[in-house]
Amino acid sequence: MYELRKTDKDHVATPRYVVEDIYSLIDIESFKSLWFPFNHYDSLFKLRADELNLKYKATHIFDDVGNDFFTTEPPLNCDLMISNPPFSQQNEIIERSFQLIDEKKIKSFALLLPLSTLETEKRANIFEQYNNKLAILIFKKRIKFLGHSTSFNRGCCWVCYNIPALENKRIQWV
């Protein structure tokens, strides 16, 4: 299944510098239990976490063991959910992320999303409900994503919720 699905346009690799930057900006080592819900096999999120000896659970929206972000439960006492989710499902992913916050199944999250995520009324209404702990990190340059069959550049931002290191930095350019 994975071999077939990894050619999907939503399956692209996040460049290492993007992972290293966010890990530094949010002080990743301050979190005790991480969940990478869209990063199972070839993820630099996972590779860098291994290098730092961080405790995490990695799953993917399409893997060979039946994990699915919309039905999979995060690890117990999950401090942080962080990932580069499929852009084509961003509405559902954002809604589920805040649902997990409301249900106290995760304490915080950081999602790498296209800048256009900030544009729509539907998403704006969701973000306004949670703006007391929301932080947006906007990339100064486009990110070059590498897919299995193509590459593309995209303007992106990190949408972060309840990240202590960003408490006084609600909007910033990185």
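Residue numbers for the sequence shown follow our numbering, beginning at 67 and rising by one.
Here a beta-carbon is modelled for each residue, glycine too, at the ideal position from N, C-alpha and C.
Residue i - DSSP class collapsed to helix/strand/coil
i	result
Ile229	coil
Leu100	strand
Glu86	helix
Glu112	Looking at the sequence shown, residue 112 is not Glu but Lys. Helix.
Ile94	helix
Beta-carbon proximity list for residue i, same chain, < 8 Å, skipping 5 on both sides
i	result
Thr138	Pro103, Thr125
Asp87	Val240
Ser163	Met147, Ile172, Phe175, Leu177, Tyr227
Thr183	Gln156, Ile160, Arg189, Cys223, Val225
Pro140	Trp101, Pro103, Lys123, Met147, Leu166, Lys171, Ile172
Asn151	Correcting the residue type first, residue 151 is Pro in the shown sequence and not Asn. Closer than 8 Å at Cβ, skipping near neighbours: Pro103, Phe104, Ile127, Phe135, Ile159, Leu177, Leu178, Leu179.
CB-CB length for residue i against residue j, believed under 8 Å
i	j	result
Ile192	Glu161	7 Å
Ser99	Asn143	5 Å
Leu113	Glu95	Not quite, the Cβ-Cβ distance comes to about 16 Å (not below 8 Å), so this is no contact.
Check whether residue i and residue j have beta carbons under 7 Å apart
i	j	result
Leu110	Arg82	yes
Ile209	Val84	yes
Cys223	Ile237	no
Gly221	Leu179	no
Asp134	Ala231	no
Nonlocal neighbours in the same chain, by C-beta distance under 7 Å from residue i, ignoring five residues either side
i	result
Ala115	Leu100, Tyr122
Phe97	Asp145, Leu146
With a floor of 3 residues, list each beta strand (DSSP E) that falls wholly inside the segment 134-219, ordered by position along the chain. Runs of the beta strand (DSSP E) inside the segment 134-219: 146-149, 175-180, 200-204, 209-213.
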